[in-house]
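Single-structure report; data block below.
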Amino acid sequence: MKRSVLNNKTVGILVGIMFLAIISRFDSIISPSVAQIQKAFPLENPSKVESIVSIGASAAIVSAIIFGKILEKLSFKAVGITACLFVAFGGLTPLFLHRSVNELLVCAVIAGFGTGIITTMLPSLAAHFFHGEQLSSLMGKIMAMQDGSSMMIMYLGGLFAMSGWVHNYWLYAISLVALTFVIIFVPSDSVADTVKENENETQPKECAKQSTPAIIACEILGFFSIFLVAVLYNKLSIYVDAYHLGASDAAGIALMFNTGSSVVIGLLINRIQALLKTFTIPFAFSLMAAGAVLFIFTRSFPVVCLAAFLVGSGSAIIMTRTPYLLSNITEKKHYPFVMGIFSAISSLGFTISTWFFKLVSQIFNLDPLIGTFWCMLIISVVMAVTLIVLCFQKKIEAHYIYK
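Take any residue in the sequence shown, note its place counting from 1, add 298, and you have its number in the numbering used here.
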């Protein structure tokens, strides 16, 4: 069955996918306004105000698992509409209801719940209509759209916030535009339809069925990818300040290189895969190790930007390639749930990263800053070597991916 042939229907679906990709990162859209919100509520704990940005990610973990299972039954259109409504309601309500931080937190949870649904839905929707290298390329473009639009939205959020932090929430109106495109272009197909179609197809005798160990391995790869890249978000500003590498905006500039790497990798993932073949994922961890080395042994801001780009590139390769591998080693009816778990585990990696490296630094009496990058280096090297020794990607592609 060749569902991936481009036609008017699939082009429309691509438009719907890209708009969903844009709003999938809206759980942190209020980041530019945190300082102003703190000033608006001076009696509130600063950590509580800051959680307006992070609490949405926690809600996304829950919704990713729940809707990963629900997606096995409901249509993509129904789930997409539900997600957009959650994001729109949670994001636009603060325009009219913003008397306390608690109200903003509740709204952030609602919006975050919606973004979690989208994060789980996107790979399943893509895999339903596209396959092979076309699917791999599309997953790369989805990541490029997510991170590229995220950079633009953050910039616009800062501009909107200049006239008052409440105005930052107007950006959530984009979710209503996405809702319109979902209603028009995303079809009422479901995962169950794919399963029925596949049952009528003749599969080659050598075609392997779902592999639970391989699925778990890919989930672990996603965890470590985000677990390691989270170091930049937690330590980069401290690193820049500790070594006097720039003004207060220097860390933000370096993080732009990290985010921008996802755009580059997303657009080039098929060429990277064609060049590196079964060493693509080990190479990704090697890039993260190289970035850690630069952080440890150099003290130059341009090199910091390069290091951030390398770490981000490694993470982007893993987060683009593993969902594609999962689409080949998972039974179609279970793919949404597997991706829900993948999304939740990846988010968990971001959440516990700070506490893990802090604990390791205390146990081994390491410098909290440079010790973290040493841990990052060791983990990256161990992961790269392990994947090469086990021939992980080679075995997966040999048994489950048919050209």
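In this text, a Cβ means the ideal position worked out from N, Cα and C, and glycines have one as well. It should be emphasised that the depicted structure is a prediction, and the values quoted were computed from it without experimental measurement.
How would you call residue i, buried or exposed, if buried means at least 16 neighbouring beta carbons within 10 angstroms?
| i | result |
| --- | --- |
| residue 309 | exposed |
| residue 680 | exposed |
| residue 385 | buried |
| residue 684 | exposed |
| residue 622 | buried |
| residue 500 | Caution applies to residue 500, whose pLDDT of 46 falls short of 50 and renders its modelled position unreliable; the model cannot decide the point. |
| residue 345 | exposed |
| residue 691 | buried |
| residue 318 | buried |
| residue 661 | exposed |
| residue 453 | exposed |
| residue 542 | exposed |
| residue 657 | exposed |
| residue 687 | exposed |
| residue 510 | exposed |
| residue 560 | buried |
| residue 375 | buried |
| residue 478 | exposed |
| residue 486 | exposed |
| residue 514 | exposed |
| residue 505 | The predicted model places residue 505 with a pLDDT of 49, which falls under 50 and marks its position as unreliable; any figure quoted below should be read in that light. Its Cβ having fewer than 16 others within 10 Å, residue 505 is exposed. |
| residue 634 | buried |
| residue 370 | buried |
Just tell me which of the options has its CA closest to the CA of residue i.
| i | options | result |
| --- | --- | --- |
| residue 432 | 619, 683 and 394 | 619 |
| residue 341 | 369, 380 and 399 | 399 |
| residue 471 | 637, 461, 455 and 595 | 455 |
| residue 416 | 315, 427 and 678 | 315 |
| residue 696 | 596, 395, 512 and 558 | 512 |
| residue 473 | 631, 413 and 486 | 413 |
| residue 444 | 326, 605, 569 and 588 | 326 |
| residue 356 | 647, 693 and 665 | 647 |
| residue 537 | 514, 598 and 582 | 598 |
| residue 323 | 395, 508, 337 and 406 | 406 |
| residue 425 | 350, 689, 666 and 625 | 625 |
Are the C-beta of residue i and some C-beta of chain B separated by less than 9 Å?
| i | result |
| --- | --- |
| residue 693 | Checking the listed chains, one finds no chain B in this structure; it contains a single protein chain. |
Throw me the rounded Cβ distance for the residue i and residue j pair, which I believe falls under 8 Å.
| i | j | result |
| --- | --- | --- |
| residue 435 | residue 567 | 7 Å |
| residue 438 | residue 565 | 6 Å |
| residue 677 | residue 555 | Residue 677 to residue 555, Cβ: 22 Å. No contact. |
| residue 552 | residue 602 | 5 Å |
| residue 311 | residue 476 | Their Cβ separation, rounded to whole angstroms, is 14 Å, which puts residue 311 and residue 476 out of contact at 8 Å. |
| residue 408 | residue 394 | Actually they do not touch by this definition, with Cβ atoms about 14 Å apart. |
| residue 637 | residue 488 | In fact, because the Cβ distance is near 15 Å, the residues do not count as touching under 8 Å. |
Would you say the beta carbon of residue i is closer than 8 Å to some non-hydrogen atom of the ligand ADP?
| i | result |
| --- | --- |
| residue 317 | Of the ligands one can find in the structure shown there are none, so the ligand ADP has no counterpart to examine. |
Is there contact between the region 329-345 and the region 455-473, where contact requires at least three CB pairs shorter than 8 Å?
Using a C-beta cut-off of 8 Å, the region 329-345 makes contact with the region 455-473, since at least three inter-stretch Cβ pairs fall below that distance.
Run through the region 316-371 for me and flag every whole alpha helix (DSSP H) of 4 or more residues, listed as ranges in chain order.
Fully enclosed alpha helix (DSSP H) runs of 4 or longer: 332-338 and 344-368.
Three Cβ pairs or more, each shorter than 8 Å: is that satisfied between the region 606-616 and the region 514-529?
The region 606-616 vs the region 514-529: in contact.
Is the region 647-658 close to the region 544-552, with three or more CB pairs under 8 Å?
Taking 8 Å as the limit for Cβ pairs, the verdict is that the region 544-552 does not touch the region 647-658.
Which ranges does the alpha helix (DSSP H) cover as unbroken runs of at least 4 residues, wholly within the region 584-650, from first to last along the chain?
Counting only runs of 4 or more, we get 599-627.
Quick check: the region 444-459 against the region 346-363, are there 3 or more CB pairs under 8 Å?
The region 444-459 vs the region 346-363: no contact.
Just checking, does the region 662-675 make contact with the region 585-596 on the three C-beta pairs under 8 Å criterion?
Put simply, the region 662-675 touches the region 585-596. At least three CB pairs are less than 8 Å apart.
If we require 4 or more residues per run, which alpha helix (DSSP H) segments fall completely within the region 521-575?
Segments of the alpha helix (DSSP H) lying fully in the region 521-575: 548-574.
Taking only runs that begin and end inside the region 389-459, name each unbroken beta strand (DSSP E) of 3 or more residues, in chain order.
Counting only runs of 3 or more residues that sit fully inside the region 389-459, no beta strand (DSSP E) segment turns up.
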